[in-house]
Structures are given as C-alpha cells and as structure tokens.
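Chains as they are written, first to last, in our numbering: chain A, 8 to 413; chain F, 8 to 413.
Have a look at the structure below before the remarks.
2 protein chains.
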Amino acid sequence: MVGKDRFFSDLGRSYKPGIITEIVLAAFEMAKKGKKLISLTGGSYDPPSLPVAEIREVLQEVPDTAWREILQYGSNQGYWRLRDALSKFMKGSEITVDPEREVLVTTGSQQALDLISRVFINEGDIIGVGSPTYLAALSAFKQFSPRFLTIPVGDEGLNLGALEEELERLRREGKGMKMLYVVPSFQNPTGVVMPQPNRRRLLEMAEEHDFLIVEDNPYGYIAFEGEPPTPIKAFDEGGRVIYLSTFSKIVSPGLRIGWVAAEEEIVKKLAIAKSAVDLCSDGLSQYVASELLSRGVVERQVRKVTDVYREKRDLMLESMEVYFPKEAEWNRPRGGLFLWVRLPEGVDASEMVFEAVERGVAYIPGSNFFTDPSKTNYMRLNYSFPSKEGIVEGIKILGDLLKERV
Amino acid sequence: MVGKDRFFSDLGRSYKPGIITEIVLAAFEMAKKGKKLISLTGGSYDPPSLPVAEIREVLQEVPDTAWREILQYGSNQGYWRLRDALSKFMKGSEITVDPEREVLVTTGSQQALDLISRVFINEGDIIGVGSPTYLAALSAFKQFSPRFLTIPVGDEGLNLGALEEELERLRREGKGMKMLYVVPSFQNPTGVVMPQPNRRRLLEMAEEHDFLIVEDNPYGYIAFEGEPPTPIKAFDEGGRVIYLSTFSKIVSPGLRIGWVAAEEEIVKKLAIAKSAVDLCSDGLSQYVASELLSRGVVERQVRKVTDVYREKRDLMLESMEVYFPKEAEWNRPRGGLFLWVRLPEGVDASEMVFEAVERGVAYIPGSNFFTDPSKTNYMRLNYSFPSKEGIVEGIKILGDLLKERV
Numbered sequence: 008m009v010g011k012d013r014f015f016s017d018l019g020r021s022y023k024p025g026i027i028t029e030i031v032l033a034a035f036e037m038a039k040k041g042k043k044l045i046s047l048t049g050g051s052y053d054p055p056s057l058p059v060a061e062i063r064e065v066l067q068e069v070p071d072t073a074w075r076e077i078l079q080y081g082s083n084q085g086y087w088r089l090r091d092a093l094s095k096f097m098k099g100s101e102i103t104v105d106p107e108r109e110v111l112v113t114t115g116s117q118q119a120l121d122l123i124s125r126v127f128i129n130e131g132d133i134i135g136v137g138s139p140t141y142l143a144a145l146s147a148f149k150q151f152s153p154r155f156l157t158i159p160v161g162d163e164g165l166n167l168g169a170l171e172e173e174l175e176r177l178r179r180e181g182k183g184m185k186m187l188y189v190v191p192s193f194q195n196p197t198g199v200v201m202p203q204p205n206r207r208r209l210l211e212m213a214e215e216h217d218f219l220i221v222e223d224n225p226y227g228y229i230a231f232e233g234e235p236p237t238p239i240k241a242f243d244e245g246g247r248v249i250y251l252s253t254f255s256k257i258v259s260p261g262l263r264i265g266w267v268a269a270e271e272e273i274v275k276k277l278a279i280a281k282s283a284v285d286l287c288s289d290g291l292s293q294y295v296a297s298e299l300l301s302r303g304v305v306e307r308q309v310r311k312v313t314d315v316y317r318e319k320r321d322l323m324l325e326s327m328e329v330y331f332p333k334e335a336e337w338n339r340p341r342g343g344l345f346l347w348v349r350l351p352e353g354v355d356a357s358e359m360v361f362e363a364v365e366r367g368v369a370y371i372p373g374s375n376f377f378t379d380p381s382k383t384n385y386m387r388l389n390y391s392f393p394s395k396e397g398i399v400e401g402i403k404i405l406g407d408l409l410k411e412r413v
Numbered sequence: 008m009v010g011k012d013r014f015f016s017d018l019g020r021s022y023k024p025g026i027i028t029e030i031v032l033a034a035f036e037m038a039k040k041g042k043k044l045i046s047l048t049g050g051s052y053d054p055p056s057l058p059v060a061e062i063r064e065v066l067q068e069v070p071d072t073a074w075r076e077i078l079q080y081g082s083n084q085g086y087w088r089l090r091d092a093l094s095k096f097m098k099g100s101e102i103t104v105d106p107e108r109e110v111l112v113t114t115g116s117q118q119a120l121d122l123i124s125r126v127f128i129n130e131g132d133i134i135g136v137g138s139p140t141y142l143a144a145l146s147a148f149k150q151f152s153p154r155f156l157t158i159p160v161g162d163e164g165l166n167l168g169a170l171e172e173e174l175e176r177l178r179r180e181g182k183g184m185k186m187l188y189v190v191p192s193f194q195n196p197t198g199v200v201m202p203q204p205n206r207r208r209l210l211e212m213a214e215e216h217d218f219l220i221v222e223d224n225p226y227g228y229i230a231f232e233g234e235p236p237t238p239i240k241a242f243d244e245g246g247r248v249i250y251l252s253t254f255s256k257i258v259s260p261g262l263r264i265g266w267v268a269a270e271e272e273i274v275k276k277l278a279i280a281k282s283a284v285d286l287c288s289d290g291l292s293q294y295v296a297s298e299l300l301s302r303g304v305v306e307r308q309v310r311k312v313t314d315v316y317r318e319k320r321d322l323m324l325e326s327m328e329v330y331f332p333k334e335a336e337w338n339r340p341r342g343g344l345f346l347w348v349r350l351p352e353g354v355d356a357s358e359m360v361f362e363a364v365e366r367g368v369a370y371i372p373g374s375n376f377f378t379d380p381s382k383t384n385y386m387r388l389n390y391s392f393p394s395k396e397g398i399v400e401g402i403k404i405l406g407d408l409l410k411e412r413v
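Quick look at the structure:
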C-alpha cells in the first residue's frame, strides 16, 4: 500500500506526535512489561475525589423530557440551562455576563483555544504568549502560523515592563500585537499568580495598544492560601477579554466541559466556527454539568480538591527537600496542580525523561512550554493525580536520577 | 464598546450565519408569538424512537472502575472499548479494520470532516464534490479554501462519466484532484444510491488518477427496500477510502458519536489534529455508545427507525400526491431521511421559506447544497423528525403555498 504522506496539507504535515505521545508510548511499553510507572505528567484529577456518586445521582433522576432534549442535536452555543448555570457560577468570580449572548460552551478549553485561533489568527499576526506557557495553547495557535511575541514570566506572572517595551518597539515599526494569551492564576507550568494591580495595568495596556486578551483560567479556583484571585475579566469594561474556564480541573476532565465568556460579537463568531467544527457539543455531559452546578456539587468539589491538592503539594515539596539535589530549584505554588523545577544549565530534561520512565517515573520536560525549544533544563511535576505513596516514591526515583546528572 | 470586527482573521470573517440559522431564528420568533411551526428541516431523530430506556439502563449499571476511566482524560483516538465495538459493528457492513490502528472516534461526523479538511486541504487544492451535496461538508472544506470540482449527481449518484471527463481535463492541464467527497448511500439531499458497479469503477478511477475518497455514510443503514448497500470501503484494497459514519441517524444525534475508518497513517494524523482541537472526546457518551453496541441495541435501533421512517416516508409521499401542484417533481427515496423536491425554474425556494415559516412550516432551501448558490428551485424535506400529523399538515401548508407560486 502506497504511503499517503503526499496528500497531507502543510498544516497536516505540521501535526507531529509530541513529547507527551512519546512519553505515553514509553509508559505503555512499561505497562506491557508489567512494570509500574508513576505519572507526574498530565493535569489529571485525583481519582478518589472524582464526583462519581453525585453524577450517578444526577443520571438516575433525568426526567423523560430532558432525555428528549439531551439525545437530539443541540444549540451550537451550548445547552441553555448550562449557560445559565455557568453565568451564575461565574458571579462567584465577580464576572457578570449574559448567558444568552455572552457565553459559549466548548468541548473543554482546548476547543475554545482552537476556535479562537481560527477566528482571529491570520498568518503572521503577532500573538503575545508567556515564556513559558501552556503548551497545548501554543499547539492550537501554531496551526494558523502566527508570529509569537514571547514575554518572560517571572514571580509575578507576565513581565509587564518587558511587554511594554515590545509593544513600543512594534509601534515604532508600524505594527501591533493582536492578542495576548495569559494564564494569570496559578499559571501552567510555573504556578505563579499575576497580582491585581498588574491585571488592571494589563487592561489599560490593552486599551492603549488595542489588543485582545485571552484569559485562560482553569486553576484559579484551587487556591491554597486565601481566596481565589479575581479574574481579569471581572474588570473588563472594554470587552477585550475573552475568558476561558473549564470543569477539567475542578470536576472532571472526561466530561469535556469548557466555556468562553466574551462580548456578544465574539461569542457569536466563535459559535458559527463551532458549527463548522462539530455542530454542537455532547448533550449528556452538558446536562450533567448543568445539574452539578445547580446542585452545588461544583462548589463542594472545588473545596474538596483544594484541600486534597494542598496536602499533595505539601507532600511533594517535603519529598523534594529530602530527595532532590541542592542544585535543583523549585517554586512553592500557592494553588493549581503543578510544580516547576529548574535544573542547572546543561542538564537536559528532555533527554533525561526516557531514563526516568525506565526507572518508573514520568514528568513533562519543560522545553515543551517554551516557543524556543532550547530551554531544556526545566521539569513540570504534577501532584494532583499520583497517590501519596506515588508522590514520595516518584520524587525519590527522580531525585536519585538527578543526583547522577547534576 | 468598540466593535471587534477588525480583529477577525480572513477565516473568521468567512464564518457567517447560514440560512439554517436564519430559519431557526424565524422559528424562534414564531414560538415566542405562540405559533406552531412544523419542522421539515434538519435530520433529527424520531423522538419516540430515541433509546431512552436502553441508555438509562446502561447508565444505571456503570461499574465504579469504568467511572474512573470515563471521568478522566481519554485517548485522542477514542475510548478503546468503543473502537473495538465499532470495528465489530463495521463487519456488518463488510468493512474489516484494526480498531487499534485504523479507527478514530470523533465528535460526530462534522468533526471528522473538519479534521480531514485541516489535514489534507491546502489552499487551491482540487476537491471533488457532488452537485448537490451535504452542505455542512462544504462548510468544513471551505475553511481551507479549496477549489471545488463539482460533479452532477443523477439518479445513480455521482455521474462518473462527467467525473472522468473532468479528471482528463485536469490531467491535460498538468493538475489533479486530491480528494473526492461522496455520500453514496441515500445521499443527502437527493436520496440516491450509487450502484455497486459504479462503486468499483470509482475505486479504479481513484487508483488511475491518484486521489483519495471520503465516503460519508450516515444513512446507509436505513434501507427501506432490501439490504443496506455495501460501502465502497468494503473493497478498498489501496487504502484510499476515508470512511465516515455516525450514530446520529441510527441511535442519537445528541451523543455526538462519529468515527473514521482509514489507513493507519491517516488515522494517526487525524488523531494528532484532534488533540490540537479538543484533546479527546467526551468519556461518558463514548462509554454509553460502546455499551449500546455490545448489547445489540444499535442493531435493534436500526431496524426500528428503518420501519418508522419507511412509514413516514410513505405518508409524506402520499400527502404530496394529494397537496402538491403537478409542477413540482420529487424523488421516491429508497432509504435515508430526506425527500428532494424540484420546482419549476424561477421559483425561489430560498426566498419562499420565510413565507412558509410564517404559515407554520420550515424546510431547507436546496440552494444550500450546491457550491453554486443560483440553483434556487429545490427544497429538501425531512420526514424522520415530524409527527405523522405534522407531516400531513406541513405538506398541506407547503402545497398551498406552492400552488400560489408555480
């Protein structure tokens, strides 16, 4: 059978298996050999915390009339009761939007990122991203060949001084940045939080330099110390913020429930794009999601996982104190799901990961979170998914490996 | 608040509300005024036939271990048990594929069409489509600016003689068609079936002229007379057929369960594209789908809706005999969900539809199914969704309106 590669488009050719695929495949090989693998990779949910009983209860009580709606084609904008419930939920984050016009349900936030890419990015458009930032957002944007403007992420999130300089430079060149992608609360992968004054300043800059802000907020709810940070969207007078959030980290990743809150003109456009892409989202999970919201299950789950993840974070940090070499540095995240580790220059975490998998632990090499793949001395570690034993054991294995390498 | 139109990309600008949106909005207005609207528009499921009891039963019996899998992130290629069950199901259509390598689960067939568009279509690539053909496929392809080669669809489907001429003409110009999109069984909108000899000839032509075939088969199962036609994929030695099918017409549209069967190289590429687009599909509906398959519910549903839709087709045809003017012509579909009506030249069904909605019945104007929007004297009528009373009443209202116009 002749290969089909000659038929692929340029975009088709750009789709290559990523590092995560390779790690997953290596993990699969381990499982086949009957060897254990501790996963500190993805942002999966703490298994015992999954709201199984609550979802079972919802499903037992679905009325006949609801079934008729669930099992037919739905609105491309999303199940109306879910949009209603989401707009009430967002009030808890001080965001006020009209569920009829300003909310779109998506198949997780990934779909929102993909729709945004389609609807906004022409080839060569300048898109600002943090360095580092969420890797799957980069994958979505890259499909439409933007020019990335990378802004360093420091202890207070995006370095606004650096951003200002870049914007001024662009202005002198007669150009402008169209859109900025930011994860301001417990950023993936660094865990940092953009302070409130910076958020207001960013909105002012968006107004001055005429750009849109894509605010991605999957983790903001999981705050270990004090209240969840108020989203940028809460102060968005100019309608420049396209706010994304999701159930994936607070309720369940598998239900694929994400949403967008934005100005009507933008939501309508994204909804039309969505109808070209999958017509509408799954009716059953949208119904379940709306019930979990109206029954207060989501808020209870947020509190539950916040407590569980705080404990797991503490355990991982303690284990790292014991087992990691002093040459490794890491943050102490005040929320979210991940730890970010910096190794000495010259230690290649991308190459090291396969040895780690052989020894029974997997992590995500940090280079994937930069547009510049040469930054290889970082690792992202997840604590939400592994068991407590897995955390201690995984950190010990990694620590031993690091001691050989640093 | 300043408008955001200046931020939209070229692709973003191309997304405009379609005729269906306008009809839906008009229908909504009718509902608000408390007026009844009989919908002969979409391909929705006969409401009493929806497998509500069967799905309830499946959900009551989900074991704990399955919940843990359902609610976490899944494989971008789809739930393995569902791929297994789909490959067994496809054996009933004489298609043999490896569920591990050659099957991809998608969010309905629309997602499959979108992924195929991304992975194969460069701007200017020549894509063959029938005239008329499924409008949402055209929407998916258009996103990547192909050049459409339109081939007339006659009583036996795509006119292969016309296709051969076009391919020869392209060859003389030093060009070639990359891909052909075909709905060979109870085509949407014409209802025609491509006979088996033509299917073999088409495969030969694909080999001679080196193109891929996207075979879209949502309706083939719903055959009113005799056995369902054997898909082209069943004879695909060269791996040139990308086969699409879906639960939407046989089980439930709202579950959003579609799938692709194709050569491994193609499935792997589509799966990578899918991870950029939504990471993975919803776990709950995939689980339900795999259970419905393994319990034999899907096959029972196929038989059930085939009987129901045969009756409804007959009722619609009888009503049209009584109420439609003699100047209107229509087919007698041997399967599927739709009737295709041709009106005299000069009657504009696109303009007429709003008057029809005012009078209480909606249909899809046929111009939407052509790449050339000037063909306005066709209507597509759906019989799967409306009640029997709705069919008779809707046809009477339409008939009265037509008599005023022809």
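Where a beta carbon is used, it is the ideal one built from N, C-alpha and C, also for glycine.
Pair within 8 Å by beta-carbon distance, Lys-395/F and Lys-319/F:
Position 388 of the second sequence, counted from the start, is the residue given in the question as residue 395/F. Position 312 of the second sequence, counted from the start, is the residue given in the question as residue 319/F. Yes, these two residues count as a Cβ contact at 8 Å.
inquiry  = Please tell me whether Val-110/A and Ala-268/A are closer than 8 Å, where the distance is taken between their beta carbons.
reply    = Here residue 110/A refers to the residue found at position 103 when the first sequence is read from its first residue. Here residue 268/A refers to the residue found at position 261 when the first sequence is read from its first residue. For the 8 Å CB-CB criterion, Val-110/A and Ala-268/A form a contact.
Quiz item: When you check each C-beta in the stretch 235-256 of chain A against every C-beta of chain F, which residues fall closer than 7 Å?
Solution: Contact annotation: in the stretch 235-256 of chain A, residues whose CB is within less than 7 Å of a CB in chain F are Gly-245, Gly-246.
Report task. Apply the 10 Å Cβ neighbour rule to Pro-153/F and answer buried if 16 or more other Cβ atoms are within range, or exposed otherwise. Result -> Counting from 1 along the second sequence, the entry for residue 153/F is found at position 146. Buried, because 16 or more other Cβ atoms sit within 10 Å of the Cβ of Pro-153/F.
Notebook entry, point to check: So which of Pro-202/A, Lys-185/A, Glu-272/A has the shortest CA-CA distance to Arg-108/A?
Noted result: Reading the first sequence from its first residue, position 101 is the one you call residue 108/A. Considering only alpha carbons, the answer is Glu-272/A.
Task: Chain-ordered neighbours of Val-136/A on chain F, where CB pairs are closer than 9 Å - done: In the first sequence, residue 136/A corresponds to position 129, counting from 1. Contact note: Val-136/A does not reach chain F at a C-beta cutoff of 9 Å; the least C-beta distance is about 16 Å.
ask   = Just checking, does the stretch 323-332 of chain A make contact with the stretch 214-224 of chain A on the three C-beta pairs under 8 Å criterion?
value = These segments do not touch.
Practice prompt. Specify whether the stretch 189-202 of chain A and the stretch 302-310 of chain A touch according to this definition: at least 3 beta carbon pairs, one from each stretch, less than 8 Å apart.
Written response: Here the stretch 189-202 of chain A makes no contact with the stretch 302-310 of chain A; the two share fewer than three CB pairs at distances below 8 Å.
* **Close Cβ partners of Thr-313/A (< 6 Å) along its chain, the five nearest in sequence each way excluded** => What you label residue 313/A is simply residue 306 of the first sequence in a count that begins at 1. Excluding residues within five positions, the ones whose Cβ falls inside 6 Å are Ile-229.
| said: Taking the alpha helix (DSSP H) that Thr-237/A belongs to, which residues open and close that run? | reply: Counting from 1 along the first sequence, the entry for residue 237/A is found at position 230. For Thr-237/A, there is no enclosing alpha helix (DSSP H), since its DSSP letter is neither H nor E.
- Task: Determine the chain A residues that contact Arg-125/F at a beta-carbon separation under 9 Å, and present them in chain order.
- Result: Translated into positions along the second sequence, residue 125/F becomes position 118. Ordered by position in chain A, the residues that pass the 9 Å Cβ test against Arg-125/F are Ser-16, Leu-18, Gly-19, Tyr-22, Gln-150.
CA-to-CA distance, Pro-58/F to Glu-76/A, given in whole angstroms: Stepping through the first sequence from its first residue, residue 76/A is reached at position 69. Stepping through the second sequence from its first residue, residue 58/F is reached at position 51. Cα to Cα, the separation comes out at about 13 Å.
Determine whether the Cβ of Lys-311/A lies closer than 8 Å to any Cβ atom of chain F. Numbered from 1 along the first sequence, position 304 holds the residue referred to as residue 311/A. For Lys-311/A, no CB of chain F lies under 8 Å from its own CB, so it is not counted at the interface with that chain.
So what's Thr-157/A in DSSP terms, helix, strand or just coil?
-> One-based indexing of the first sequence puts residue 157/A at position 150. Reduced to three states, the DSSP call for Thr-157/A is strand.
- request: With DSSP collapsed to three states, give me the class of Thr-313/A.
  value: The sequence position of residue 313/A within the first sequence is 306, counting from 1. It is helical.
With a threshold of 7 Å on Cβ separation, who are the neighbours of Gly-164/A within its own chain once the five nearest residues in sequence on each side are excluded?
For this step, residue 164/A is matched to residue 157 along the first sequence. Non-local C-beta neighbours of Gly-164/A in its own chain, meaning closer than 7 Å and more than five positions away in sequence, comprise Pro-191, Gln-194, Val-199, Val-200, Met-201, Asn-205, ordered along the chain.
Next item on the list: Label Thr-140/A either buried or exposed according to how many other C-beta atoms from any shown protein chain fall within 10 Å of its C-beta, with 16 as the threshold for buried.
Entry: Within the first sequence, the letter at position 133 stands for residue 140/A. For Thr-140/A, the number of other beta carbons within 10 angstroms of its own is at least 16, and it is reported as buried.
Following the continuous alpha helix (DSSP H) through Ser-259/A, name the residue where it begins and the one where it ends.
Walking along the first sequence from the start, residue 259/A turns up at place 252. No alpha helix (DSSP H) holds Ser-259/A; DSSP gives it neither H nor E.
**OP:** Have a look at Pro-235/A and Leu-388/A and give me their C-alpha separation to the nearest angstrom.
**Re:** In the first sequence, the residue the question calls residue 235/A occupies position 228. In the first sequence, the residue the question calls residue 388/A occupies position 381. Distance between the alpha carbons of Pro-235/A and Leu-388/A: 22 Å.
Worksheet item: If Ala-356/A and Pro-340/A are in contact, beta carbons under 8 Å, what's the gap, nearest whole angstrom?
Response: Position 349 of the first sequence, counting from 1, holds the residue named residue 356/A. Position 333 of the first sequence, counting from 1, holds the residue named residue 340/A. About 18 Å; that fails the 8 Å criterion.
Partners in chain A for Arg-154/F, counting only beta-carbon separations shorter than 9 Å
As a first step, residue 154/F must be located in the second sequence, where it is residue number 147. Under the 9 Å cutoff, chain A gives no residues; its nearest Cβ is about 14 Å from Arg-154/F.
* To do: Taking Pro-260/F and Tyr-52/F to be in contact with their CB atoms under 8 Å, please state how far apart those CB atoms are, rounded to whole angstroms.
  => In the second sequence, the residue the question calls residue 260/F occupies position 253. In the second sequence, the residue the question calls residue 52/F occupies position 45. With 8 Å as the limit, Pro-260/F and Tyr-52/F qualify as a contact, their Cβ atoms being about 6 Å apart.
- [ ] Label Ser-288/A either buried or exposed according to how many other C-beta atoms from any shown protein chain fall within 10 Å of its C-beta, with 16 as the threshold for buried.
- [x] The count along the first sequence starts at 1 and reaches residue 288/A at position 281. Buried is the call here.
Worksheet item: Should Ser-282/A be labelled buried (16 or more other beta-carbon atoms within 10 Å of its own) or exposed?
Response: For this step, residue 282/A is matched to residue 275 along the first sequence. Per the 10 Å Cβ criterion, buried.
Practice item. Round the Cβ separation of Gly-401/A and Ile-45/A to the nearest angstrom and send it over; I've been treating them as touching at under 8 Å. Key: If you number the first sequence from 1, residue 401/A lands on position 394. If you number the first sequence from 1, residue 45/A lands on position 38. Right, their Cβ atoms sit about 4 Å apart.
message = Is there a Cβ of chain A sitting closer than 8 Å to that of Met-8/F, yes or no?
response = Taking the second sequence and counting its residues from 1, one reaches residue 8/F at position 1. Because the pLDDT of Met-8/F is 48, which lies under 50, any placement of that residue in the model is unreliable, and the question is left without a value.
Residue of Ala-369/A, Gly-246/A, Ser-100/A, Ala-296/A minimising C-alpha distance to Gly-10/F: Here residue 10/F corresponds to residue number 3 of the second sequence, with the count starting at 1. The candidate whose alpha carbon is nearest that of Gly-10/F is Gly-246/A.
Give the interface partners of Gly-81/A over in chain F, defined as CB-CB distance under 7 Å, in chain order.
As a first step, residue 81/A is located in the first sequence; it is residue number 74 there, counting from the start. For Gly-81/A, the residues of chain F that pass the 7 Å Cβ criterion are Gly-261, in the order they occur in the chain.
- prompt: The beta strand (DSSP E) with Val-199/A in it runs from where to where?
  reply: As a working note, residue 199/A is residue 192 in the first sequence. Going by DSSP, Val-199/A is part of no beta strand (DSSP E) at all; its letter is neither H nor E.
How would you label Lys-256/A, buried or exposed, when you count the other beta carbons within 10 angstroms and need 16 or more for buried? On the first sequence, residue 256/A is found 249 positions in, with the first residue counted as 1. Taking all protein chains in view, the Cβ of Lys-256/A is crowded by 16 or more other Cβ atoms within 10 Å, so the residue is classified as buried.
Under 8 Å between C-beta atoms, does Lys-43/F make it to chain A?
Locating residue 43/F in the second sequence gives position 36, counting from the first residue. Chain A, which has no Cβ nearer than 8 Å to the Cβ of Lys-43/F, makes this no.
Subject >> the stretch 315-326 of chain A: positions lying closer than 8 Å to chain F by Cβ >> reply: Those would be none; no residue qualifies.
Any contact between the stretch 130-149 of chain F and the stretch 291-300 of chain A? By contact I mean 3 or more CB pairs, one from each, below 8 Å.
Short answer: they don't touch.
Practice prompt. Would you tell me roughly how many angstroms separate the C-alpha atoms of Ala-213/A and Leu-219/A, rounded to the nearest one?
Written response: On the first sequence, residue 213/A is found 206 positions in, with the first residue counted as 1. On the first sequence, residue 219/A is found 212 positions in, with the first residue counted as 1. A direct Cα-Cα distance of roughly 6 Å separates Ala-213/A from Leu-219/A.
* To do: Could you tell me whether any Cβ in chain F is nearer than 8 Å to the Cβ of Ser-297/A?
  => On the first sequence, residue 297/A is found 290 positions in, with the first residue counted as 1. The Cβ of Ser-297/A sits no closer than 8 Å to any Cβ of chain F.
Assigned exposure category for Pro-380/F - 16 Cβ within 10 Å defines buried
Your numbering for residue 380/F matches position 373 in the second sequence. Burial call: exposed.
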